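*Asks:* Dumping the structure here so I can ask a few things about it.
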Amino acid sequence: MTRTLSSITIRFFCLLICLGLFQQSATAQVTTYPYFEDFESGAGGWTAGKINPNSSPSSWVLTLPTNYSIDTAYSGVNAWVTGNSNNIAGFPQWSYFPGEFSAVTSPEFDFTNLQNPGIQVAIWWQSEFSQDGTCFQSSIDGGMTWQTVGAYIDPVNWYNDSSVNGGMLGGPGGQPLGWSGLDSVNTGPGEYVIAQHGLDGLGGQPSVLLRFAFSSNSVSDSVSLSDGFAFDDVFIADRPIIDVGPDTLICFAERLILDVCTPGATTYQWNNNPIDTFCNIIAVTTGQFFVNVTDTLGFIQSDTMNLLVSDTYANLGSDIGLCPGDTFELDAENPWADHLWLPDSSTNQVIQLFESGSFTVEISDSLGCVAVDSINVIVDFVPDTDLGADTSICAGENIILDASSGNPGTTYDWSPISASSQTVSIAAPGTYAVIVTSPFGCLTGDTVNIGVNPLPSVNLGVDRMVCPPFEINAGNTNATYAWTTNETTQTISVTQNGLYGVTVTTDSGCARYDEVNLTMGTYADANLGPDRKLCGPGESFTLSPAGTGASYLWSTGDVTSSITVTQADQYILQLTSADGCVSIDTVNVTSSTLNVDLGPDLVICDGDVITLDAGPLPDLYTWSTGESSRRIQVSNSGMYSVLVEESGGCFRRDSVFVTVEPAPQPTFSVSGDQAVFQSLQFNDQSTGTPTNWSWDFGDGSTSNLQNPTHTYQSLGDFEVCLTVDDGNCERTECQTLTIGLPSDLEAALFTSLDVYPNPSQGNLTLDLQLKDINEVSLEVFDLRGKKVFGEVLGKGQQIIRNINLGAQDKGMYILQLNVGEFQVYRKLMIE
178 MTRTLSSITI RFFCLLICLG LFQQSATAQV TTYPYFEDFE SGAGGWTAGK
228 INPNSSPSSW VLTLPTNYSI DTAYSGVNAW VTGNSNNIAG FPQWSYFPGE
278 FSAVTSPEFD FTNLQNPGIQ VAIWWQSEFS QDGTCFQSSI DGGMTWQTVG
328 AYIDPVNWYN DSSVNGGMLG GPGGQPLGWS GLDSVNTGPG EYVIAQHGLD
378 GLGGQPSVLL RFAFSSNSVS DSVSLSDGFA FDDVFIADRP IIDVGPDTLI
428 CFAERLILDV CTPGATTYQW NNNPIDTFCN IIAVTTGQFF VNVTDTLGFI
478 QSDTMNLLVS DTYANLGSDI GLCPGDTFEL DAENPWADHL WLPDSSTNQV
528 IQLFESGSFT VEISDSLGCV AVDSINVIVD FVPDTDLGAD TSICAGENII
578 LDASSGNPGT TYDWSPISAS SQTVSIAAPG TYAVIVTSPF GCLTGDTVNI
628 GVNPLPSVNL GVDRMVCPPF EINAGNTNAT YAWTTNETTQ TISVTQNGLY
678 GVTVTTDSGC ARYDEVNLTM GTYADANLGP DRKLCGPGES FTLSPAGTGA
728 SYLWSTGDVT SSITVTQADQ YILQLTSADG CVSIDTVNVT SSTLNVDLGP
778 DLVICDGDVI TLDAGPLPDL YTWSTGESSR RIQVSNSGMY SVLVEESGGC
828 FRRDSVFVTV EPAPQPTFSV SGDQAVFQSL QFNDQSTGTP TNWSWDFGDG
878 STSNLQNPTH TYQSLGDFEV CLTVDDGNCE RTECQTLTIG LPSDLEAALF
928 TSLDVYPNPS QGNLTLDLQL KDINEVSLEV FDLRGKKVFG EVLGKGQQII
978 RNINLGAQDK GMYILQLNVG EFQVYRKLMI E
């Protein structure tokens, strides 16, 4: 007979399954990302074993960790952990093995469509300081060769030790890197931490294996052996690619935009300013720029670039004015750089200025940066006389010509007019010239041609009556327009009585104004009312406008003041008022499609409720019950009718008859010992006339017999449900059965069985006498179903054994004695 899990264990794992903590994982190649595995449905394709066939056994297991320090999963109840060796002779309980060289290897991943894959995983380590440790590795050749992922203290929570001396020296990747105890007492982080790293170089690879490789030296004392390493909740996804750019040189006064804006990123943190959290910054000073980028999946990526800014600059200052014979010394500074002056090609840092001109210096340094600046030198002889470019004025206007002011004593001579002032007013076309003489006798002058342009022609017409809206056109295409209404278009539309004026300006700048007084005519009211609806064949109604006009024109061709409508269509009226203004209105006439159908008469079972639905289109519902909703619920016999109406006044009516029939009423009794492995008799006691019976015993078993028997294989509360039907109506009744221990199983197995003292301080004695020689083992569980003690007692007939539970908390525990294929239970109380 096949041995089964104990009923306590079954109940414990059933609870976890009901909570959704166990899920089945596929073991085929992983191609979908993001990838997440919490091992609650099994190993998910991850496998454990020895890496070196000559090393100690692998202590890796997928379980609920119960080590001294690593005693839980990160989430749920399952995690991969070393050291779950229980109590193997010669080694500390819950420790890994000396000389162990083992790993947990992932399923095969296809990274073909990933560019920058990364991993996050919850880890907890507790191993001998700088001796025993764990590293993370990858393989792209099916496990033939392995490469260690990451380096010492890489972010985030990556290797904390660069000198692991155990089997790692000759082991994975040949690199002494990994996670080990943080100090001489082998302490780990004390809890799970989230480690994160990029899977660099693996993007695009079609076949990738990953593994956590663990190794220990050969020392086997209790100081050297600890819990080892645990991992849970593996998360793999594609990360955004962060690139600040290469190290860069910029020149003085330049700026560099550092841009790491990336789709999928949530936060940015630059090192140069803690409050700078934008995805791009402007760099203008020498220094190292470092950024951390966090994406929506929680990955943190970093990049660094160095910026060098040249000190070479050029600033010659403001323009210089010189009097005749003066000299000015101009210093370009930047003594470390090369100088080139234009236009004289001097290479000195300092030059002498004594004449008017524009002087430019190019300053270049060894970094390749070139700075340029210019300065103007003016030696003042006479005023700078400039009458401007040739121009035109509009007819009737004048223009002021200005020869510019000079020092006191400057004189002006205009021609062909006789004037000696600095400015003159010109209204006629012609060529005008001026000669300016400085007090020192220096001469200058200028000439300008003045033309006269005609004004535009603007005519808005005579004052008159118009029909609004009325369009006024100012003419003069391609001019600019300024209306008294503040509009600027060539034409405007008006709707009110009033005076309307416009100023028209041509492209030569000449303008003219005109205005017109308009009176708005009135329209007759052509409003035909809202759209209408014909409720049925033969119906008709009359259409007529709200107002009275001088003439009527319908889309039907009628010219009467009203028409009779007998069919669905669109009807348009053009109504002309006494002022000659035409107004138009349209009304759409449609045919009603209103319908209601409650279906055929219905038969329901006593206690049932059905819904009657009058359909989705109407605007108003009136039921014979007084309700006004689209749907009503019915549970009694009778005739039900509804009147449905829609906008436009159309309505329809329908009814249905509902008959209520009696239903069978299920009930049952149970006889027999309500205990595991005991046959129970289930007796149907239903009323009515049922013809079919369906039993659900609450443990996954069912029956269609009227009076079945059933045996439960585990302890617990089970909901038993009986469903009966008579061909028309169906009803269900449920009861809860509590299945306990058999009243006579202990007497069948044992001559005597005693556990004493009970209650105790944790030290107990088990004294048993079997009726037959048999294999015996014991297990102790707390009330959560966690096993806290276990021992194989061997094969025999009389067994006396001490049990030490002194390390357990006070409270109640369950002792399970496994005798062959049977289990016997006792409650234990530790005080």
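Heads up: the sequence shown runs through residues 178 to 1008, numbered per this note's numbering. All C-beta atoms, glycine included, are put in the ideal place defined by N, C-alpha and C. Small disclaimer: the values here were computed from a predicted structure and weren't measured.
Which of the three DSSP states is assigned to G716 in this structure?
*Replies:* The residue asked about is misnamed: residue 716 is Glu in this sequence, not Gly. Coil, per DSSP.
*Asks:* Candidates A605, I612, L620, P646: which alpha carbon is nearest N626's?
*Replies:* Selected option, being the one with the closest Cα: A605.
*Asks:* May I ask which residues mark the beginning and end of the beta strand (DSSP E) holding C571?
*Replies:* First-last of the beta strand (DSSP E) with C571: 568 to 571.
*Asks:* So, does the stretch 677 to 688 touch the stretch 630 to 649, judging by three or more C-beta pairs under 8 Å?
*Replies:* Enough Cβ pairs lie closer than 8 Å, so yes.
*Asks:* Three-state secondary structure (DSSP) at A390?
*Replies:* Of the three classes helix, strand and coil, the one that applies to A390 here is strand, per DSSP.
*Asks:* What are the residues that DSSP puts in a beta bridge with S650?
*Replies:* Position check: residue 650 holds Asn in this sequence, whereas Ser was assumed. According to DSSP, which records beta bridges pairwise, N650 is partnered with T668.
*Asks:* For the stretch 395 to 483, list the beta strand (DSSP E) runs that are entirely contained and at least 3 residues long, ordered along the chain.
*Replies:* Those beta strand (DSSP E) runs which fall completely within the stretch 395 to 483 and span 3+ residues are 405 to 415, 425 to 427, 433 to 436, 442 to 447, 457 to 460, 464 to 472.
*Asks:* Given T322, which residues of its chain have a CB within under 8 Å of its CB, disregarding the five upstream and five downstream residues?
*Replies:* Same-chain partners within the cutoff: S316.
*Asks:* Thinking just about the alpha-carbon of each residue, which of D790, V780, C827 is nearest to the one in S135?
*Replies:* Only positions 178 to 1008 of the chain appear in the structure, and residue 135 is not among them; the question remains open.
*Asks:* Less than 8 Å between the CB atoms is what I'm expecting for Y748 and V764, so what's the real figure, rounded?
*Replies:* With a Cβ gap of about 5 Å, Y748 and V764 count as contacting.
*Asks:* Residues bridged to N894 by DSSP?
*Replies:* Note that residue 894 is Asp in the sequence shown, not Asn. DSSP lists T915 as partners of D894.
*Asks:* Taking DSSP as the reference, what is the three-state secondary structure of E923?
*Replies:* Reduced to three states, the DSSP call for E923 is helix.
*Asks:* Where does L752 fall in DSSP's three states?
*Replies:* If DSSP states are grouped into helix, strand and coil, L752 belongs with the strands.
*Asks:* Assuming T298 contacts F406 under a Cβ cut-off of 8 Å, what Cβ separation, rounded to an integer in Å, is found between them?
*Replies:* The residue asked about is misnamed: residue 298 is Val in this sequence, not Thr. Incorrect: roughly 11 Å between the Cβ atoms, too far for contact.
*Asks:* Check whether the stretch 690 to 699 and the stretch 720 to 732 touch, using three or more Cβ-Cβ pairs below 8 Å as the test.
*Replies:* Verdict: no, contact absent.
*Asks:* Specify the secondary structure class of C782 as computed by DSSP and reduced to three states.
*Replies:* Three-state result, C782: strand.
*Asks:* Would you kindly work out how many angstroms separate the C-alpha atoms of D1032 and D959, rounded to a whole number?
*Replies:* In the structure displayed, the chain extends from 178 to 1008; residue 1032 sits before or after that span and is not available.
*Asks:* Determine, for G967, whether the minimum Cβ-Cβ distance to residues of chain B falls below 8 Å.
*Replies:* You won't find chain B in this structure, because it holds only one protein chain.
*Asks:* Looking at the secondary structure, which residues open and close the beta strand (DSSP E) in which W870 lies?
*Replies:* 869 to 873 is the span of the beta strand (DSSP E), which, as asked, contains W870.
*Asks:* Strictly by DSSP, which residues pair up with G118?
*Replies:* Shown here, the chain extends from 178 to 1008; a query on residue 118 therefore has no answer.
*Asks:* Since L930 and L945 should fall inside the 8 Å C-beta cutoff, what is the C-beta to C-beta distance between them, to a whole number of angstroms?
*Replies:* About 5 Å separates the two Cβ atoms, so the contact holds.
*Asks:* Have a look at the DSSP bridge pairing and note the partners of V1009.
*Replies:* Only positions 178 to 1008 of the chain appear in the structure, and residue 1009 is not among them; the question remains open.
*Asks:* Would you decide whether D338 is buried or exposed? Buried here means 16 or more other CB atoms lie within 10 Å of its CB.
*Replies:* Burial call: buried.
*Asks:* Quick check on DSSP: helix, strand or coil for T836?
*Replies:* Note: T836 maps to strand in three-state DSSP.
*Asks:* Please state the DSSP three-state secondary structure of S551.
*Replies:* Strand.
*Asks:* Give the DSSP-derived three-state secondary structure of P1013 in the structure shown.
*Replies:* Coverage of the chain is limited to positions 178 through 1008, which leaves residue 1013 absent and any answer about it impossible.
*Asks:* Can you give me the C-alpha to C-alpha distance between D902 and P841, rounded to a whole angstrom?
*Replies:* Near 7 Å, if we compare the C-alpha coordinates of P841 and D902.
*Asks:* What distance in whole Å lies between the Cβ atoms of V538 and L493, which are believed to be in contact at a cut-off of 8 Å?
*Replies:* With 8 Å as the limit, L493 and V538 qualify as a contact, their Cβ atoms being about 7 Å apart.
*Asks:* Give me, in chain order, the residues of the same chain whose beta-carbon lies closer than 6 Å to that of T588; leave out the 5 immediate sequence neighbours on both sides.
*Replies:* Correct list, in chain order: T614.
*Asks:* State the Cα-Cα distance for the pair I418 and G380, rounded to the nearest angstrom.
*Replies:* Computed Cα separation, rounded: 11 Å.
*Asks:* Could you have a look at R807 and say whether DSSP puts it in helix, strand or coil?
*Replies:* DSSP places R807 in coil when its eight states are reduced to three.
*Asks:* Decide if L346 is buried, meaning its Cβ has at least 16 other Cβ atoms within 10 Å, or exposed.
*Replies:* For L346, the predicted model reports a pLDDT of 38, less than 50, meaning its position is unreliable; a value from the coordinates is still stated below. Classification of L346: exposed, given that the 10 Å Cβ count is below 16.
*Asks:* Per DSSP, which one or two residues make a beta bridge with S760?
*Replies:* Looking at the DSSP assignment, S760 forms a beta bridge with L752.
*Asks:* Give the single residue among G825, I413, C898, N674 whose Cα lies nearest to the Cα of V847.
*Replies:* Ranking G825, I413, C898, N674 by Cα distance to V847 puts C898 first.
*Asks:* For E510, report the span of its beta strand (DSSP E) as first-last.
*Replies:* Unbroken run through E510: none, as it is neither H nor E.
*Asks:* Work out the CA separation of R830 and L196 for me, nearest whole Å.
*Replies:* Since pLDDT at L196 reaches only 32, below the 50 mark, its modelled position is unreliable, and the value read off the structure follows with that caveat. Their backbone Cα atoms lie some 52 Å apart in a straight line.
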